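K.L.:
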Amino acid sequence: TWREEETILFVYLTEFNSTTGEISRQGYSGGNITVTCSHIWASTNKKYFCRDPCENRDIFVKSDQTPKGRYTLKDYRDGNFAVSIIDLRESDSGIYWCGVERTGPDSFWKVKLIVSKGKNDEQHHSNILIAILHVRQSNEGLQYYHSNDESQSNPIYQNLQFNTTQGEDAYGNL
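Structure follows, in structure tokens:
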């Protein structure tokens, strides 16, 4: 009958429109990220954030629950909400969903998150030698000072004295 076709069409369109949009974000391990999702006609609806496939066990945080773990959800009560993840890990990469509970099917924003190795994870350790060369001519001869301390603490200097005359090659002795 005509009534059955209308109902089927309505259900199909509701399912088709349940995904509102898509957000792609990139973060670095050890860092934090915030994703803002916007849904129309959702100021009083409950919001949540989940990992694909977004079953009950995949929900990390809900607007009507106390935040837990590394996930927080801030509901602005105007259809917009922000989800923050702290201490990102490369294993956090994947598909997530910003969801809004509806009378019919929930509405979603798809979130693609890529977490790359952080800059803090790629530290290059290298020794830096700061050499201070001070040469002065005095009556006692040529004095040469240098530091051989490779740490970042106060430098240790060595005082080397060479008895030279003005015509000698002082640098050859260094």
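Residue numbers (the working numbering): 207 to 380. Note that beta-carbon positions come from the ideal geometry of N, C-alpha and C, so glycine has one too. Note that the structure is a prediction, hence the values are computed from the model and not measured.
1. Check whether the segment 260 to 277 and the segment 222 to 235 are in contact - that is, three or more C-beta pairs closer than 8 Å.
2. Less than 8 Å separating the beta-carbons of Ser244 and Gly285?
3. Ends of the beta strand (DSSP E) at Ser230?
4. Report, in whole angstroms, the separation of the C-beta atoms of Asp298 and Ile291, which I expect to be a contact under 8 Å.
5. Return the bridge partner residues of Asp281 from the DSSP annotation.
6. Could you check whether the Cβ of Cys243 sits closer than 7 Å to any heavy atom belonging to the ligand MN?
7. What first and last residue would you give for the beta strand (DSSP E) that runs through Gly305?
8. How close, in whole Å, do the beta carbons of Val321 and Ser235 come, if the pair is a contact with beta carbons under 8 Å?
9. One question on the structure: do Gly233 and Leu319 come within less than 8 Å of each other, judged by their Cβ atoms?
10. Which word fits Gly300, buried or exposed, when buried means at least 16 other C-beta atoms lie within 10 angstroms of its C-beta?
11. Using only alpha-carbon positions, find the residue among Asp264, Phe287 and Glu296 that is nearest to Trp315.
12. With distance defined between alpha-carbon atoms, name the residue in Gly324, Lys268, Thr225 and Tyr302 nearest to Asn251.
P.N.:
With the structure as the only source:
1. no
2. The sequence position of residue 244 within the sequence shown is 38, counting from 1. The sequence position of residue 285 within the sequence shown is 79, counting from 1. Going by C-beta atoms, Ser244 is nearer than 8 Å to Gly285.
3. Within the sequence shown, the letter at position 24 stands for residue 230. Ser230 -> beta strand (DSSP E) spans Thr225 to Tyr234.
4. In the sequence shown, residue 298 corresponds to position 92, counting from 1. In the sequence shown, residue 291 corresponds to position 85, counting from 1. Yes, Asp298 and Ile291 are in contact; Cβ-Cβ is about 7 Å, under 8 Å.
5. If you number the sequence shown from 1, residue 281 lands on position 75. Partner(s): Phe287.
6. Absence of the ligand MN is noted for the structure shown, with no ligands found whatsoever.
7. Counting from one through the sequence shown, the residue named residue 305 turns up at place 99. First-last of the beta strand (DSSP E) with Gly305: Gly300 to Val306.
8. Locating residue 321 in the sequence shown gives position 115, counting from the first residue. Locating residue 235 in the sequence shown gives position 29, counting from the first residue. 6 Å between Cβ atoms; contact.
9. Residue 233 sits at position 27 when you count from the first residue of the sequence shown. Residue 319 sits at position 113 when you count from the first residue of the sequence shown. Taking 8 Å as the Cβ cut-off, Gly233 and Leu319 qualify as a contacting pair.
10. One-based indexing of the sequence shown puts residue 300 at position 94. Gly300 should be labelled exposed.
11. Sequence index remark: in the sequence shown, residue 315 carries index 109 (1-based). For the residues Asp264, Phe287 and Glu296, the minimum Cα distance to Trp315 belongs to Phe287.
12. If you number the sequence shown from 1, residue 251 lands on position 45. For Asn251, the nearest C-alpha among the options comes from Lys268.
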